[in-house]
Amino acid sequence: MRQLALALAFLAVLAAPALAGAGEFEVTGYGGYTFPFYSQTFRYDPGAVSVPIPGVSVEQSGQFELRASGGPAFGGGFVFYPAGGFGFEIRYDHADITVDAQSASYAVRVGLPAPLDPVVANLSLSQGAVDLKAVSPVSFNLKFRTAGPVRFSTSFGASRLGDIEMTVTQSIGLGVIGFDLVQGNAQIATLGLKATATGATGSSWGANLGLGLQIPIGERGAFVIEGRGFYFRRRTVEWAPVLDRPLTAIEQTLLQRVLERLDPVEFEPWWAQATIGFAVRF
Numbered sequence: 002m003r004q005l006a007l008a009l010a011f012l013a014v015l016a017a018p019a020l021a022g023a024g025e026f027e028v029t030g031y032g033g034y035t036f037p038f039y040s041q042t043f044r045y046d047p048g049a050v051s052v053p054i055p056g057v058s059v060e061q062s063g064q065f066e067l068r069a070s071g072g073p074a075f076g077g078g079f080v081f082y083p084a085g086g087f088g089f090e091i092r093y094d095h096a097d098i099t100v101d102a103q104s105a106s107y108a109v110r111v112g113l114p115a116p117l118d119p120v121v122a123n124l125s126l127s128q129g130a131v132d133l134k135a136v137s138p139v140s141f142n143l144k145f146r147t148a149g150p151v152r153f154s155t156s157f158g159a160s161r162l163g164d165i166e167m168t169v170t171q172s173i174g175l176g177v178i179g180f181d182l183v184q185g186n187a188q189i190a191t192l193g194l195k196a197t198a199t200g201a202t203g204s205s206w207g208a209n210l211g212l213g214l215q216i217p218i219g220e221r222g223a224f225v226i227e228g229r230g231f232y233f234r235r236r237t238v239e240w241a242p243v244l245d246r247p248l249t250a251i252e253q254t255l256l257q258r259v260l261e262r263l264d265p266v267e268f269e270p271w272w273a274q275a276t277i278g279f280a281v282r283f
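In the numbering used here, the protein residues as written are 2 to 283.
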């Protein structure tokens, strides 16, 4: 709401000269698709594990990945041209970005004294889930356009992005909590983790840059093709355990070690979008 109020106030300042007959006012609506650039691989382990049995060693580690893909984009823009091809633009963009969790696994190797073979276990974990609400920046730009019926344009400036609402859930391997030397198998504990950012990441300023082409339709209308990129600073979200059962003492120790070695989610809102739309000049 704060971003919308700021945009409306700025729009009123731009519209006043145009309504008074000075310069030109342009309104554009558009829709298209986003192309995000976020991906992050998480590798973790519980650290060194000491086993009170001579000749036995334990090596273990897990990993999973978060990767973004595109979604619909739409928005609108308002430009005031005081004269010629130079103008002031305010725009609102609404971009859907999908983040998927994939490649969750945990690998264990227990070295045993000769002549016993090592115990090797590869655990496939359930796929995680990511719920990311659409991001909606408001931008304040300078815009330049060429003369003539077919016009090329560029605009750039500052963009303000509010809180990011995102929840990531993922099952991980805590580590080996027991093994059977006779049967040659290991018992691996698992647990769910959650990283939540809802109204706690804060708003931030970033930047945007776009290139466009306008093809005239009638006296005051134009078909618009545009490509634009947005960049904002990284948002960091910490993991927290989802306890579905009481943990044993060894599981609590493993959980603490894993959390110390597991990187936080570092989501970087950085994407490009390709859109088409329609502009009207007054």
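All C-beta atoms in this analysis are idealised placements derived from N, C-alpha and C, irrespective of residue type, glycine included.
#### Entry: Spatially closest choice to W272 from H95, G24, S127, by CA coordinates
H95
### Message
Mapping the DSSP letters down to three states, classify I189 as helix, strand or coil.
### Response
strand
### Task
Report, in whole angstroms, the separation of the C-beta atoms of V28 and A280, which I expect to be a contact under 8 Å.
7 Å
### Beta-carbon proximity list for S172, same chain, < 6 Å, skipping 5 on both sides
L126, S127, T191, G193
### Status (buried if at least 16 other CB within 10 Å, exposed otherwise) for I98
buried
### Task
Quick one: using the 10 Å Cβ neighbour count with 16 as the cut-off for buried, is L5 buried or exposed?
In this prediction, L5 scores a pLDDT of 49, lower than 50, which makes its location untrustworthy; the coordinate-derived value is nonetheless stated afterwards. So L5 ends up on the exposed side.
#### Entry: Close-in-space but distant-in-sequence residues of the same chain around L255 (CB under 8 Å, 5 per side omitted)
P47, L175, G176, I178, A190
### Buried versus exposed, by CB contacts within 10 Å (16 or more), T276
buried
### Task
Using three-state DSSP, classify L256 as helix, strand or coil.
helix
### Task
Count the other CB atoms, across all protein chains shown, that sit within 10 Å of the CB of Q184; report buried if there are 16 or more and exposed otherwise.
exposed
### Query
Are at least three pairs of beta-carbons, each pair with one atom in the region 142-160 and one in the region 29-46, less than 8 Å apart?
no
### Task
Compute the beta-carbon to beta-carbon distance between I226 and G213, rounded to the nearest angstrom, for a pair I have assumed lies under 8 Å.
7 Å
### Query
Near V243, what residues of its chain come up, given a Cβ to Cβ distance below 8 Å and the 5 sequence neighbours on each side ignored?
T170, L192, G193, L194, K195
### Message
Looking at the strands, I want to know which residues DSSP matches up with D101.
### Response
R68
### Query
Taking the Cβ atom as the reference point for each residue, do L133 and G56 lie within a distance shorter than 8 Å?
no
### Task
Leaving aside the five residues before and after R234 along the sequence, list all residues of the same chain whose C-beta is less than 6 Å from its C-beta, in chain order.
S205
### Task
Keeping to the same chain, check which residues put their C-beta closer than 8 Å to that of R262; ignore five residues upstream and five downstream.
Y45, D46, P47, G48
### Query
CB-CB under 6 Å to P217, same chain, minus the five flanking residues each way: which ones, in chain order?
P150, A223
### Query
Among residues of its own chain, excluding the 5 on either side of L67, which ones have a beta-carbon nearer than 6 Å to its beta-carbon?
Q41, V100, A102
### Message
One question on the structure: do K144 and G88 come within less than 8 Å of each other, judged by their Cβ atoms?
### Response
yes
### First and last residue of the uninterrupted beta strand (DSSP E) at R161
152-162
### Query
Any idea if R286 is buried or exposed, counting beta-carbon neighbours within 10 angstroms, 16 or more meaning buried?
Residue 286 lies beyond the residue range present for the chain, which begins at 2 and ends at 283; the question has no answer from this structure.
### Distance between beta carbons of P270 and L117, contact taken as under 8 Å
Actually they do not touch by this definition, with Cβ atoms about 52 Å apart.
### Message
Quick check on the burial criterion: 16 or more other C-beta atoms within 10 angstroms. Buried or exposed for E239?
### Response
exposed
### Message
Closest to F153 by C-alpha separation, out of Q215, G230, F75, would be which residue?
### Response
Q215
#### Entry: Residue of T168, P83, F81 minimising C-alpha distance to E267
T168
### Task
Mark R246 as exposed unless 16 or more other C-beta atoms lie within 10 angstroms of its C-beta, in which case mark it buried.
exposed
### Query
If we call anything under 8 Å between Cβ atoms a contact, is S137 one with G158?
no
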